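Participant: Structure below; questions to follow.
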Amino acid sequence: KCKADHRGALAIFGETLEQALHQRLQIATRLRYALERNELSLSYQPQICLSSGRIIGAEALLRWHNEDRLIPPDTFIPVAESSGSIVPIGAWVLEQACRQQRAWQRDTGQALRMAVNVSVRQLKDPGFIDSLDRIIGQTGMTPGLLELEITESTMMEDHQALIATLQAVRARGVQVAMDDFGTGYSSMKYLQELPIDRLKIDRSFIGHMTESEQDLGLVELMVKMGQLLRLGVIAEGVEHPRENDLLRQLGCDEAQGYLYQKPTHPEHIALLLREQGESPGHRLSGPA
Ligand code: C2E
Ligand code: MG
Ligand code: MG
Ligand code: MG
């Protein structure tokens, strides 16, 4: 995505390198105050059980409102990772998400699994397990209903230390999912050794599975691989009913995507939970 612009300078996404560096620095500076200025919030996206069509979980997705603008996570998360501010921000996300899960359970009677994205930068922080314990203790979160999502492409660096941290996470009953599965370079051996509970198939495969035999085949393989390794399998980025149907046929356990619900505010999730609580046969994805 880099190209030389007409002045001969290196350009990233149409900006010069200098502009890009300046923007990064500005984001890093503003991010330092984002927490105390209450500029951060969480959106939640339901996770659906494909056989019942019901909401069984939710993923917390971070939102940053800075000076009337919504800055997308793909822009600021990498900056937060390299500046280190992902550590306090990530702890805030984890605590918020756990509180929200408890509130939904209290208000709707439904105990959802709560999925929280965690950067490898956070896992490498020596205080990570202590802060996880503190948050579980203070919020009363059921550890078995908490799931940490870690991106496949970042899971391979320094993997002995990472495995030890993930083992400590799982010793508490907290689950681990491999996010964006299929986009990294993990070997089968590595996958077999990693202490994880779920594979989350990257949305780039799901988006092409209806028109590309190859993508469909790869999704089928990933579902089979999950089954072989006794891992749960969830598909992300499901946008069309046909994808939902194919995934069911392939034996994929769960799905998430715009077809069911875009990321939304917590009150909306509570509403959906009340609806499905009132009708046992309720399906978010329409009739089977
Ligand atoms: P992710 O964890 O893979 O999250 C899925 C992304 O796909 C989200 O983008 C979500 O809004 C989007 N999405 C969901 N369903 C669909 C669909 O059907 N179609 C399409 N086209 N997109 C869909 P979002 O919220 O912009 O987040 C982007 C990434 O930022 C996340 O990818 C995750 O890696 C990172 N992120 C978000 N929140 C956090 C956080 O609290 N901590 C950390 N460390 N990373 C986060
Ligand atoms: Mg995720
Ligand atoms: Mg993903
Ligand atoms: Mg991602």
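Going letter by letter, the sequence shown gives residues 465 to 752 in UniProt numbering. Note that beta-carbon positions come from the ideal geometry of N, C-alpha and C, so glycine has one too. Treat the numbers as computed from the prediction; the structure is a model and nothing was measured.
Assign LEU688 to one of two classes, buried (16 or more other C-beta atoms within 10 Å of its C-beta) or exposed (fewer than that).
Facilitator: The sequence position of residue 688 within the sequence shown is 224, counting from 1. According to the sequence displayed, residue 688 carries Lys and not Leu. Exposed, by the Cβ-count rule.
Participant: Suppose the cutoff is 7 Å on Cβ atoms and the five residues either side in sequence are ignored; what does the same chain contact list for ASP571 look like?
Facilitator: As a first step, residue 571 is located in the sequence shown; it is residue number 107 there, counting from the start. Correct list, in chain order: ALA734.
Participant: Got a sec, what are the start and stop residues for the beta strand (DSSP E) GLY521 sits in?
Facilitator: Taking the sequence shown and counting its residues from 1, the one referred to as residue 521 is at position 57. Per DSSP, GLY521 belongs to the beta strand (DSSP E) from 519 to 530.
Participant: Indicate the three-state DSSP secondary structure (helix, strand or coil) for ASP709 in the structure shown.
Facilitator: The residue you call residue 709 lines up with position 245 of the sequence shown. The answer is helix: DSSP assigns ASP709 an H, G or I state.
Participant: Since residue 462 is in the alpha helix (DSSP H), which residue starts that stretch and which ends it?
Facilitator: No statement about residue 462 is possible, as the shown extent of the chain runs from 465 to 752 and does not include it.
Participant: Could you tell me which residues DSSP puts in a beta bridge with PRO510?
Facilitator: If you number the sequence shown from 1, residue 510 lands on position 46. In the DSSP output, where bridge partners are listed per residue, PRO510 has ALA522.
Participant: Considering only the alpha carbon of each residue, which of PRO537, ILE599, ARG496, THR539 lies closest to ALA555?
Facilitator: Residue 555 sits at position 91 when you count from the first residue of the sequence shown. Nearest of PRO537, ILE599, ARG496, THR539 to ALA555, Cα basis: ILE599.
Participant: To the nearest angstrom, how far is it from the Cα of GLY741 to the Cα of GLN574?
Facilitator: Within the sequence shown, residue 741 is the residue found at index 277, counting from 1. Within the sequence shown, residue 574 is the residue found at index 110, counting from 1. Cα to Cα, the separation comes out at about 8 Å.
Participant: Which two residues bound the contiguous alpha helix (DSSP H) that contains LYS688?
Facilitator: As a position in the sequence shown, residue 688 is number 224, starting the count at 1. Counting along the chain, the alpha helix (DSSP H) containing LYS688 begins and ends at 677 to 692.
Participant: Checking 7 Å against the spacing of the C-beta atoms, do GLU545 and ARG585 come in under that value?
Facilitator: Position 81 of the sequence shown, counting from 1, holds the residue named residue 545. Position 121 of the sequence shown, counting from 1, holds the residue named residue 585. A contact, by the Cβ cut-off of 7 Å.
Participant: If we require 3 or more residues per run, which beta strand (DSSP E) segments fall completely within the stretch 612 to 650?
Facilitator: You should have 639 to 645.
Participant: Looking at C-alpha atoms only, which residue of GLU613, GLY608, ALA628, TYR722 is the closest neighbour of LYS664?
Facilitator: Along the sequence shown, read from residue 1 onward, the residue named residue 664 stands at position 200. Measuring from the Cα of LYS664, the nearest candidate turns out to be GLU613.
Participant: DSSP on VAL580, reduced to helix/strand/coil?
Facilitator: By 1-based counting over the sequence shown, the position of residue 580 is 116. Correct three-state label for VAL580: strand.
Participant: Less than 7 Å between the beta carbons of ASP660 and GLY701, yes or no?
Facilitator: One-based indexing of the sequence shown puts residue 660 at position 196. One-based indexing of the sequence shown puts residue 701 at position 237. One point to set straight first is that residue 660 is Ile, not Asp, in the sequence displayed. No, they are not a contact pair.
Participant: Taking 8 Å as the limit between beta carbons, can you name the residues of its chain near GLU479, skipping five residues before and five after?
Facilitator: Here residue 479 refers to the residue found at position 15 of the sequence shown. The answer, listed in chain order, is GLN487.
Participant: Within this structure, are the beta carbons of ILE535 and TYR724 separated by less than 7 Å?
Facilitator: Counting from one through the sequence shown, the residue named residue 535 turns up at place 71. Counting from one through the sequence shown, the residue named residue 724 turns up at place 260. No, these two residues do not count as a Cβ contact at 7 Å.
Participant: Where does ARG471 sit, in a helix, a strand or coil, going by DSSP?
Facilitator: Here residue 471 refers to the residue found at position 7 of the sequence shown. Residue confidence is low: ARG471 scores 45 on pLDDT, short of 50, so the model does not pin down where it sits. Its coordinate-derived value is still stated next. Reduced to three states, the DSSP call for ARG471 is coil.
Participant: If you compare alpha carbons, which of LYS588, LEU526, LEU710 is closest to GLN624?
Facilitator: As a working mapping, residue 624 is identified with position 160 in the sequence shown. The shortest C-alpha separation from GLN624 is found at LYS588.
Participant: Just to confirm, does SER583 get its C-beta within under 6 Å of one of the non-hydrogen atoms of ligand 1?
Facilitator: Within the sequence shown, residue 583 is the residue found at index 119, counting from 1. Flag set: Cβ of SER583 near ligand 1.
Participant: Closer than 6 Å to a non-hydrogen atom of ligand 3 - does that hold for the CB of GLU700?
Facilitator: Reading the sequence shown from its first residue, position 236 is the one you call residue 700. The answer is yes for GLU700.
Participant: Taking Cβ to Cβ, would you say PHE592 is nearer than 7 Å to GLU616?
Facilitator: To locate residue 592, count along the sequence shown from 1; it is residue 128. To locate residue 616, count along the sequence shown from 1; it is residue 152. Taking 7 Å as the Cβ cut-off, PHE592 and GLU616 do not qualify as a contacting pair.
Participant: Within 10 angstroms of its Cβ, does ASN502 collect 16 or more other Cβ (buried), or is it exposed?
Facilitator: Numbered from 1 along the sequence shown, position 38 holds the residue referred to as residue 502. ASN502 should be labelled exposed.
Participant: Is it buried or exposed, PRO730, if we count other Cβ atoms within 10 angstroms and call 16 or more buried?
Facilitator: Taking the first residue of the sequence shown as 1, we reach residue 730 at position 266. The residue is buried, with at least 16 neighbouring Cβ atoms inside 10 Å.
Participant: Can you check DSSP and say which residues form a bridge with THR728?
Facilitator: Locating residue 728 in the sequence shown gives position 264, counting from the first residue. DSSP lists TYR508 as partners of THR728.
Participant: What residue range is occupied by the uninterrupted beta strand (DSSP E) comprising GLY554?
Facilitator: One-based indexing of the sequence shown puts residue 554 at position 90. That residue, GLY554, is in no beta strand (DSSP E); its alpha helix (DSSP H) goes 550 to 572.
Participant: Where does the unbroken beta strand (DSSP E) through LEU695 begin, and where does it stop?
Facilitator: The residue you call residue 695 lines up with position 231 of the sequence shown. No beta strand (DSSP E) holds LEU695; DSSP gives it neither H nor E.
Participant: For GLN560, which residues of its own chain have a beta-carbon under 6 Å away from its beta-carbon, when the five flanking residues on both sides are left out?
Facilitator: The residue labelled residue 560 in the question sits at position 96 within the sequence shown. So the list reads LEU506, once near-sequence residues are dropped.
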